[in-house]
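**Student:** In this note's numbering, the protein residues as written are 388 to 526. For every residue, glycine included, the Cβ atom is placed at its ideal position computed from N, Cα and C.
#1: Output yes or no for whether 8 angstroms exceeds the beta carbon distance between residue 403 and residue 439.
#2: Quick one: is residue 451 buried, meaning 16 or more other Cβ sit within 10 Å of its Cβ, or exposed?
#3: Quick one: is residue 478 buried, meaning 16 or more other Cβ sit within 10 Å of its Cβ, or exposed?
#4: Taking the alpha carbon of residue 480 as the reference point, which residue from 417, 421, 500, 425 has its own alpha carbon closest?
#5: Measuring CB atoms only, is the region 456-471 touching the region 406-425, in the sense that at least three cross pairs come out at less than 8 angstroms?
#6: DSSP puts residue 464 in a beta bridge; with which residues?
#7: Return helix, strand or coil for residue 455, following the three-state DSSP convention.
#8: Between the Cα of residue 516 and those of 428, 506, 414, 463, spot the shortest distance and give me the residue it belongs to.
Rendered as structure tokens:
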């Protein structure tokens with residue numbers, strides 16, 4: 388934490404937003420992670436902090452897929468907007484490996500989501516792994 392606070396470059400760099408989400412997905416595609424984005428509902432305006440939380444959850448989940456899932460044929464990033472929030476999920480078919488359920492990455496995702504009043508789960512699925520975050524969005 389202290390190294391981040393001491394770093395002038397990191398402190399002044401603009402933080403990612405949902406506008407950069409497609410670039411993040413393209414980065415995964417360049418390393419042969421076949422990721423798709425599915426959006427349901429009508430996106431709403433979010434605070435910069437909430438956008439950053441969503442971006443970081445997707446970023447960390449995709450990093451875990453690359454590191455731990457083994458051979459992956461499909462990865463889906465989903466965003467489902469409802470009247471009171473947004474559900475964000477990253478699901479992989481993880482053929483040949485296990486995405487880590489613990490570690491600092493999942494802990495960091497959980498802490499970020501809880502800081503904005505949300506809930507995060509990260510668990511094995513039938514074939515692969517799913518990270519799911521529910522983030523409330525005030526009307």
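**Tutor:** Considering the structure as presented:
#1: By one-based count along the chain shown, residue 403 stands at place 16. By one-based count along the chain shown, residue 439 stands at place 52. Closer than 8 angstroms, so yes.
#2: Looking up residue 451 in the chain shown gives position 64. Residue 451 is buried by the Cβ-count criterion.
#3: The sequence position of residue 478 within the chain shown is 91, counting from 1. Buried, because 16 or more other Cβ atoms sit within 10 Å of the Cβ of residue 478.
#4: The residue you call residue 480 lines up with position 93 of the chain shown. When each option's Cα is compared against that of residue 480, the closest is 421.
#5: yes
#6: Here residue 464 refers to the residue found at position 77 of the chain shown. Paired residues: 424, 477.
#7: Your numbering for residue 455 matches position 68 in the chain shown. Helix at residue 455.
#8: Numbered from its first residue, the chain shown carries residue 516 at position 129. Nearest of 428, 506, 414, 463 to residue 516, Cα basis: 463.
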